[in-house]
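So the number in the numbering used here is just where the residue sits in the sequence shown, counting from 1, plus 5. Where a beta carbon is used, it is the ideal one built from N, C-alpha and C, also for glycine. Okay, structure first, notes after.
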Amino acid sequence: MCGIVGYIGKQKASAIILEGLKRLEYRGYDSAGIAIQQGGRFEVAKKAGRVEGLMKGTPALKITGTTGIGHTRWATHGGVTDANAHPHLSSDGRIALIHNGVIENYAGIKKFLLTKGYTFQSETDTEVLCNLIAYHYQKEPAAQGESRFLEAVRKTLRHVDGTYGIAVMCGDCPAEIVSARKGSPLILGVGDGELMLASDVAAIISRTQNVVYLKDGEVLHMTAQNFSISTLDSEDVSPVVDKITWKIEDSELNGHAHFMEKEIFEQPAALENTMRGRFSEDGSTAQFGGLNISAVDLRQTDRLHFLACGSAWHACLVTEHLIERFARVPVEVDYASEFRYRNMPLGNSTLFFTVSQSGETIDTLAAMREARRKGYKVLAINNVVGSSIAREADGGIYQHVGPEIGVASTKAFTSQLLVGALLALYLGRMRDMNFSDGVEYVQALKGVPDLVRRTLELAPAIKEIAKRYAHYHDFLFLGRLSLFPVALEGALKLKEISYIHAEGYPAAEMKHGPIALISEQCPSVFFVPSGEMFNKVVSSMQEIKARKGKIIAIATAHCELPAGLADEVIRIPECHEAVLPIVATVPVQLLSYYIAVELKRDVDKPRNLAKSVTVE
Ligand code: M6R
6 MCGIVGYIGK QKASAIILEG LKRLEYRGYD SAGIAIQQGG RFEVAKKAGR
56 VEGLMKGTPA LKITGTTGIG HTRWATHGGV TDANAHPHLS SDGRIALIHN
106 GVIENYAGIK KFLLTKGYTF QSETDTEVLC NLIAYHYQKE PAAQGESRFL
156 EAVRKTLRHV DGTYGIAVMC GDCPAEIVSA RKGSPLILGV GDGELMLASD
206 VAAIISRTQN VVYLKDGEVL HMTAQNFSIS TLDSEDVSPV VDKITWKIED
256 SELNGHAHFM EKEIFEQPAA LENTMRGRFS EDGSTAQFGG LNISAVDLRQ
306 TDRLHFLACG SAWHACLVTE HLIERFARVP VEVDYASEFR YRNMPLGNST
356 LFFTVSQSGE TIDTLAAMRE ARRKGYKVLA INNVVGSSIA READGGIYQH
406 VGPEIGVAST KAFTSQLLVG ALLALYLGRM RDMNFSDGVE YVQALKGVPD
456 LVRRTLELAP AIKEIAKRYA HYHDFLFLGR LSLFPVALEG ALKLKEISYI
506 HAEGYPAAEM KHGPIALISE QCPSVFFVPS GEMFNKVVSS MQEIKARKGK
556 IIAIATAHCE LPAGLADEVI RIPECHEAVL PIVATVPVQL LSYYIAVELK
606 RDVDKPRNLA KSVTVE
């Protein structure tokens, strides 16, 4: 939510910041703005709408100056207007600020500032923060040797409740940026004679691979020559410089129409990367480098508890099915946002997992903190290396699928399913799963990239189906057992990028209510596996057909469907139970994508959404 970019160096800051904002736009795209230091004052350009609009419709790019900050907004307090766009200036014009997060006690602070003569141009909590810094700056001289500007930011932050990632400039300090975080990510890029600040690495990788991940409670002071990090209580922090492994090409379209399309087609390679090095030498089980829990402790764990949001929550539901089936360990799955406020009894030997592509989702981070506060170990399954969740977890598993930029999760989701399948194998082999079943399972997982490649070949046929179905307003997605969460995922994909109403249900549950929706106007997408569930699913399909509902069947190769039952059949390869959810996901990704394209939706930046949800 919201993208932040800052630059100090020798180059023209506006060009670099706008380029960074374009790369961060998937974090929020309601409005965009920049502020550049210009001889003791600020040149500001900001506008509701996309970064593109800011570049075209204003002279933003013409602004010279080598120190500046920029922002893409996902609105929380205040509507999508030019006035509410960031950067905000204090009413005395001295301070410029951009912010990602929510200041919860802004109303009381605003009241106080009004009594001191500060005025407000916007409805945002951010402008309150900006004026409070200006207030502390003009009121209190700094201790000897301290920057007065830096100290004013620290003092302000000691008075605010809520979350923030901020970058601040002061008109009196021409080449300085002060930045701080609590609950919203910030990364410093250390380049050759220049420093960059951003909410994530996508904005930085074109200039440097050396980064410092700021931690909650830390304050960064950047000057043209150097940077230093301290706490809110002015204690020095020694920075750790890490190297980013992602390449600039990873965050470019490379000939694809949308990032979502690119990321769908990247899945064979992404899955290959997720499983690289994760099989034991004897080929019968999985292995993980960073779990930080001994096999003995893991063996004694009698319950696993998974916490996640959105697509990652769907991935956890599949993982629950696989772990219970193959390892016989009971699994609980919670929405991270609910877990935090529930008061459920938890066992003593429960191990927690959080699953999050970004590793920054605030609900998941907060749920993880709550579980750790209660004394539980929490392991994290994440894609983004160095993310807040990854750093605070007791151990974890990285997905290694490269940057996912399309707002709709695709390759990160299937990779989470793969990590879940690897975990089920690992835990299963510690318990009752024998050697040969382990070997068979490993072989099945190794075959996943190829199965996905073959399924992707269905794209042209699915595109044609999408054209025939794009005009419907309601869809049901129906599946059983491990394919029920895939039905949920299919419905989520369709609604988030095409704005078509869709619901996912267990196929048999459909007759307990949702069947009332069925008519010629509401198609159903059925997942049809061969094996024990086949006849049951076919019965559910018959019930739909009897009510004139159209049916799109995603059926495995050996299923012999009664003639005329399905209006459309998408044939996916037969495969092992542990990999079927991965393979079955691909057609619904393609179907949703092509329907959204047919409807001319903004596929990578659907309305009201943002890639990483860092507000509660
Ligand atoms: O970064 P995370 O995996 O924690 O994100 C969780 C959800 O916000 C995310 O999966 C969301 O539901 C996607 N838009 C789904 O496509």
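Three-state secondary structure assigned by DSSP to residue i
i: residue 162; result: helix
i: residue 550; result: helix
i: residue 282; result: coil
i: residue 435; result: helix
i: residue 104; result: strand
i: residue 228; result: strand
i: residue 518; result: coil
i: residue 167; result: strand
i: residue 111; result: helix
i: residue 200; result: strand
i: residue 425; result: helix
i: residue 559; result: strand
i: residue 122; result: coil
i: residue 144; result: helix
i: residue 479; result: strand
i: residue 539; result: helix
i: residue 629; result: Residue 629 cannot be examined here, being either before or after the span of the chain that is shown, 6 to 621.
Cβ pair residue i, residue j closer than 9 angstroms
i: residue 591; j: residue 463; result: yes
i: residue 320; j: residue 422; result: yes
i: residue 316; j: residue 482; result: no
i: residue 127; j: residue 76; result: no
i: residue 611; j: residue 501; result: yes
i: residue 345; j: residue 385; result: no
i: residue 369; j: residue 355; result: no
i: residue 108; j: residue 183; result: no
i: residue 85; j: residue 53; result: yes
i: residue 239; j: residue 408; result: no
i: residue 391; j: residue 218; result: yes
i: residue 455; j: residue 273; result: yes
i: residue 59; j: residue 29; result: no
i: residue 402; j: residue 199; result: no
i: residue 607; j: residue 31; result: no
i: residue 450; j: residue 322; result: no
beta-carbon residue i near the ligand M6R non-hydrogen atom, thresh 8 angstroms
i: residue 360; result: yes
i: residue 503; result: no
i: residue 413; result: yes
i: residue 275; result: no
i: residue 595; result: no
i: residue 397; result: no
i: residue 416; result: no
i: residue 314; result: yes
i: residue 616; result: yes
i: residue 267; result: no
i: residue 128; result: no
i: residue 72; result: no
i: residue 364; result: yes
i: residue 139; result: no
i: residue 372; result: no
i: residue 236; result: no
Presumed contact (8 angstroms Cβ cut-off) between residue i and residue j, rounded CB distance
i: residue 192; j: residue 185; result: With a Cβ gap of about 13 angstroms, residue 192 and residue 185 do not count as contacting.
i: residue 529; j: residue 554; result: 6 angstroms
i: residue 568; j: residue 556; result: With a Cβ gap of about 13 angstroms, residue 568 and residue 556 do not count as contacting.
i: residue 102; j: residue 135; result: 4 angstroms
i: residue 137; j: residue 226; result: With 8 angstroms as the limit, residue 137 and residue 226 do not qualify as a contact, their Cβ atoms being about 19 angstroms apart.
i: residue 313; j: residue 341; result: 6 angstroms
i: residue 325; j: residue 338; result: 5 angstroms
i: residue 416; j: residue 271; result: 5 angstroms
For residue i: DSSP bridge partner residues
i: residue 598; result: Answer is none; residue 598 lacks a bridge partner.
i: residue 386; result: 360, 402
i: residue 43; result: 46
i: residue 340; result: 313
i: residue 349; result: Answer is none; residue 349 lacks a bridge partner.
i: residue 172; result: 103, 184
i: residue 76; result: 9, 38
i: residue 215; result: 248
i: residue 192; result: 203, 218
i: residue 511; result: 484
i: residue 326; result: BP columns for residue 326 are empty, so no partner.
i: residue 236; result: 223
i: residue 94; result: 101
Residue i Cβ short of 8 angstroms to the ligand SAM heavy atom set
i: residue 497; result: Although the ligand SAM was asked about, the structure shown includes only the ligand M6R as ligands.
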